[in-house]
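Undergrad: One structure, as structure tokens, below. Some questions next.
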Amino acid sequence: MRDGARLNTFVYLPQTGGPHFPVILQRTPYGITSSEGRANTDCAQGWLPGPDAPLGRSVLRGYRNIVAHGYACVYQDTRGRYASEGEDHVYADDAADGYDTLEWMRASLGANRMIGMSGSSAGATTTFAAASQGHPNLRAFFAQVGGSSIYDDVVYEGNAIEMERLWLWVAKNIPGLSRSHREALMRRFGISATELDQAAIAANARYARLEAACRMSPPFVGSEDWMRLPLSHYPDFSTWQPFLDEIITHPAPDAFRARHNFRRGIAIPGFHATTWYDIFQTSVLAAFNDIQSRIGNQLLWIGPNDHYFIYATNFWPRTRISSGSIIG
Numbered sequence: 022m023r024d025g026a027r028l029n030t031f032v033y034l035p036q037t038g039g040p041h042f043p044v045i046l047q048r049t050p051y052g053i054t055s056s057e058g059r060a061n062t063d064c065a066q067g068w069l070p071g072p073d074a075p076l077g078r079s080v081l082r083g084y085r086n087i088v089a090h091g092y093a094c095v096y097q098d099t100r101g102r103y104a105s106e107g108e109d110h111v112y113a114d115d116a117a118d119g120y121d122t123l124e125w126m127r128a129s130l131g132a133n134r135m136i137g138m139s140g141s142s143a144g145a146t147t148t149f150a151a152a153s154q155g156h157p158n159l160r161a162f163f164a165q166v167g168g169s170s171i172y173d174d175v176v177y178e179g180n181a182i183e184m185e186r187l188w189l190w191v192a193k194n195i196p197g198l199s200r201s202h203r204e205a206l207m208r209r210f211g212i213s214a215t216e217l218d219q220a221a222i223a224a225n226a227r228y229a230r231l232e233a234a235c236r237m238s239p240p241f242v243g244s245e246d247w248m249r250l251p252l253s254h255y256p257d258f259s260t261w262q263p264f265l266d267e268i269i270t271h272p273a274p275d276a277f278r279a280r281h282n283f284r285r286g287i288a289i290p291g292f293h294a295t296t297w298y299d300i301f302q303t304s305v306l307a308a309f310n311d312i313q314s315r316i317g318n319q320l321l322w323i324g325p326n327d328h329y330f331i332y333a334t335n336f337w338p339r340t341r342i343s344s345g346s347i348i349g
């Protein structure tokens, strides 16, 4: 990256058709190996659908299906996650890092200047972020059930802070924070590895309480964890993810929030997929409407599915579609 951080990246190439291939790039905060962090730099451990969890994880299908169609396939752990260096800032670096990755691919990988990006959920958000930067070699993208504007649609949807999306997601993903992220926290707070691990244990226990309170009747209001004020410096969570305090201290539109509106900078063809019931449905619709109104060449697919439907093999419609179509 432009600041010298190195991001863990796997490259899979077709056996024939080289040396220059069209490329599909996927960037994820959820780890690109099946080992949940135990072999993060081993390309042989790159994720493939397994018989025990054929619909799981963030990577679309697996590299074998991609290279079988003649594409090179590039997977990357985002900054501060799993085996990537740097400190995780919850999507704040994904626009610049996405651009730098595309530039690295152009210069080092021998890409034939035809690069596409794809991603689901958090991977869709990193796709929107990279696509917003206008790299000349990124020609199209596929994004499914992800946030295209972090503040308008995820953190402050409807101008009210979405605590459930923030606290539960951040807490659940503490195990994926990288060694370099851990080291940065210990330096910043002057704490030991043992103290940091204790904060993770406490955060996990708090996550369990927060998640259980979602199912109360009525939900949330009987939980001291949910009702805690002020929201900044939240115990345990803000130790592991200090950027949380930055996120929630911008309640009104400003330049910081504008930098996280990724859809407004996208000017390439895109395929948007969502469901009628998904938590990011409004964000996907907003991205489609915004980009379609400016440049056209967008497709939107909506179905009666769940958040992970993209991994199924039977959801695609068999109807002919054209640019600007809405399929439901």
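Per the working numbering, residue 22 is the first one in the sequence shown, and the count goes up by one each step.
Beta carbons are placed, not taken as given, at the ideal position from N, Cα and C, and that holds for glycine.
(1) Taking DSSP's pairing of strands, which residues face HIS293 in a bridge?
(2) Should the stretch 285–295 be regarded as contacting the stretch 262–275, the criterion being three or more beta carbon pairs within less than 8 Å?
(3) For the candidate residues VAL44, ALA226, PRO35 and LEU252, whose alpha-carbon lies nearest to that of ILE182?
(4) I think GLY119 touches SER201, with their Cβ atoms under 8 Å apart; what is that distance to the nearest whole Å?
(5) Quick check: SER105 and ALA26, are their CB atoms within less than 9 Å of each other?
(6) Within the continuous beta strand (DSSP E) that includes TYR96, where are the two ends?
(7) Tell me whether SER79 sits in a helix, a strand or coil according to DSSP, three-state version.
(8) Compare the C-alpha of PHE31 against each of ASP24, ARG203 and ILE45 and name the closest.
(9) What are the boundary residues of the beta strand (DSSP E) that includes ILE195?
(10) Consider the C-beta atom of ARG278 and the heavy atoms of the ligand ADP; say whether any pair is separated by less than 8 Å.
(11) How long is the line joining the alpha carbons of ASN310 and ILE300, rounded to whole angstroms?
(12) In or out: TYR172 buried (at least 16 other Cβ within 10 Å) or exposed?
(13) With 16 as the cutoff for other CB atoms within 10 Å, does ALA150 come out buried or exposed?
(14) Would you tell me roughly how many angstroms separate the C-alpha atoms of MET126 and LEU159, rounded to the nearest one?
(15) May I ask you to report which of helix, strand or coil DSSP gives TYR172?
(16) Under a Cβ-count criterion, where at least 16 other Cβ atoms within 10 Å of its own Cβ denotes burial, should ARG249 be classed as buried or exposed?
(17) Does the Cβ-Cβ distance between GLY167 and GLY197 come in under 9 Å?
(18) DSSP three-state call for GLY107: helix, strand or coil?
(19) Sort TYR103, TYR84, GLY101 and ARG102 by Cα distance to VAL95 and report the nearest one.
(20) Any contact between the stretch 177–191 and the stretch 226–236? By contact I mean 3 or more CB pairs, one from each, below 8 Å.
(21) Could you please give the first and the last residue of the uninterrupted alpha helix (DSSP H) stretch that includes THR148?
(22) Return yes when the Cβ of ARG280 is within less than 9 Å of the Cβ of GLY140, no when it is not.
(23) By DSSP, does LEU123 sit in helix, in strand, or in coil?
(24) With respect to the alpha helix (DSSP H) encompassing VAL88, which residues constitute its N-terminal and C-terminal limits?
TA: With the given structure in hand:
(1) ALA164 and LEU321
(2) no
(3) LEU252
(4) GLY119 to SER201, Cβ: 19 Å. No contact.
(5) yes
(6) 93–98
(7) For SER79, the predicted structure reports a pLDDT of 46, less than 50, and the residue's modelled location is therefore unreliable. A value from the coordinates is still provided. Looking at SER79 - three-state DSSP - the assignment turns out to be coil, as it is neither helix nor strand.
(8) ILE45
(9) Neither: ILE195 is in no beta strand (DSSP E) and is coded neither H nor E.
(10) Among the components of this structure there are no ligands whatsoever, and the ligand ADP is therefore not found.
(11) 18 Å
(12) buried
(13) buried
(14) 11 Å
(15) helix
(16) exposed
(17) no
(18) coil
(19) TYR84
(20) yes
(21) 143–152
(22) no
(23) helix
(24) 84–88
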